[in-house]
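Residue numbers (our numbering): 71 to 464. Note that the Cβ used here is the ideal one computed from N, Cα and C, for glycine as well. Worksheet for the structure shown next.
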Ligand SMILES: Cc1ncc(COP(=O)(O)O)c(C=O)c1O
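Structure, rendered in structure tokens:
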């Protein structure tokens, strides 16, 4: 009676494809779909430092009280230091931080806040992580800005800047802080400066999404652009995810930072963020937050940095191997454009029909835009993947 008019919703583009992969019975199937880091055995393991922290917090974890509405203060300090580095000490008095339910929760809380107090039009890159549109559509209007030049296979600064220059003040612009999903193409430090300059001149609200700190060039270097925006005195938001760099996907650990101009604004912004959070999920879960604070705040930190470095190095080396093997098998085509890509993803220049053939004929799963999770490759499957790519591209 009440549900009669409810239409069937479309499956999620990424999770839906992952389900199809799991249902496929072909033994040689390859999963390049979802953004989960896999080791050389294609396992998604808990990092050993995270496992140790989990064991250490067993006693604390027996506490069953609610966390505050905006979560663990220890987590705010720990992630503030990780994200903003040496600047954190001076920034702390004007940066509000709220622990959220993953990076997605941070995006959603930030979106609701912007819609109420900044602006209701959200500009997201084209292409972008599909969930950006879904999140922002719930609270406002979504437009897309040009980001990727398909013919040049790289980030298109001039198209992006021309777009930004015609926006009205207080438009909210989603910027992927590092390791752009899905293209793998990030602006250079010089290009980030131009983006910051335009955003300041046009009075646009930067909303950074950071889901891959440490997966690009290094933990500090991956955050250089965000630190630059802060040093330049811009006001902005950062939605931060601990899902990938702490292998805590299912624990839903994230943080929303609001970089404001002074202590009074921090307090006012924080008071409104708390109202948004309270009306959504009241307060965040504790377990994952305690783990992250423990890893970052004590002797485990050094080994965790090494574990993040190792994940990044494996991704970089698989990408290099892929390019070498493709180049030697298919000499007339160029694949060097894949090499500067940052993070887990690379955009392979494929048509939708070619992707469909990869799935149907070769059991190699990837979204139809040609995005591959490079961490889904290992020394056992890479030759099959190269062979299949060469076949569908020729
Ligand atoms: C670009 C981007 N932003 C945000 C997220 C959200 O991360 P979380 O799983 O912490 O919600 C992801 C996850 O895949 C992502 O790729």
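Buried versus exposed, by CB contacts within 10 Å (16 or more), residue i
| i | result |
| --- | --- |
| residue 109 | exposed |
| residue 170 | buried |
| residue 72 | exposed |
| residue 412 | buried |
| residue 300 | buried |
| residue 22 | What the structure shows of the chain is the stretch from 71 to 464, and residue 22 is not part of that stretch, so it cannot be assessed. |
Through-space distance from residue j to residue i, alpha-carbon basis
| i | j | result |
| --- | --- | --- |
| residue 253 | residue 297 | 23 Å |
| residue 228 | residue 264 | 10 Å |
| residue 367 | residue 241 | 37 Å |
| residue 324 | residue 86 | 24 Å |
| residue 369 | residue 237 | 47 Å |
| residue 249 | residue 349 | 32 Å |
| residue 239 | residue 106 | 37 Å |
| residue 141 | residue 415 | 31 Å |
| residue 433 | residue 319 | 25 Å |
| residue 400 | residue 221 | 19 Å |
| residue 426 | residue 462 | 10 Å |
Option in the options with minimal Cα separation from residue i
| i | options | result |
| --- | --- | --- |
| residue 139 | 248, 395, 346 and 400 | 346 |
| residue 436 | 74, 72, 83 and 79 | 83 |
| residue 234 | 91, 137, 271 and 142 | 271 |
| residue 206 | 223, 178 and 219 | 178 |
| residue 390 | 448, 374 and 120 | 448 |
| residue 117 | 79, 307, 202 and 316 | 316 |
| residue 113 | 122, 101 and 119 | 101 |
| residue 457 | 444, 166, 398 and 409 | 398 |
| residue 304 | 93, 161 and 199 | 161 |
Proximity test, residue i beta-carbon vs ligand 1 heavy atom, cut-off 8 Å
| i | result |
| --- | --- |
| residue 191 | no |
| residue 168 | no |
| residue 251 | yes |
| residue 172 | yes |
| residue 312 | yes |
| residue 309 | yes |
| residue 322 | yes |
| residue 105 | yes |
| residue 177 | yes |
| residue 279 | yes |
* Do the region 308–318 and the region 170–183 meet, that is, are 3 or more Cβ pairs less than 8 Å apart? -> The region 308–318 makes contact with the region 170–183, as at least three CB pairs between them are under 8 Å.
* Determine, using beta-carbon pairs with one atom in the region 278–287 and one in the region 378–388, whether at least three such pairs fall under 8 Å. => Contact between the region 278–287 and the region 378–388 is present, because at least three Cβ pairs lie under 8 Å.
* Asked: For the 8 Å Cβ check, are there 3 or more pairs between the region 89–101 and the region 325–339?
  -> Output reads no: the region 325–339 does not touch the region 89–101.
* **Sufficient close CB pairs (3 or more, under 8 Å) joining the region 210–222 to the region 348–367** => Taking 8 Å as the limit for Cβ pairs, the verdict is that the region 348–367 does not touch the region 210–222.
* Spell out a yes or no on whether the region 439–448 and the region 413–431 are touching, meaning 3 or more CB-CB pairs, one atom from each, closer than 8 Å. => Judged by pairs of C-beta atoms under 8 Å, the region 439–448 touches the region 413–431, as three or more such pairs exist.
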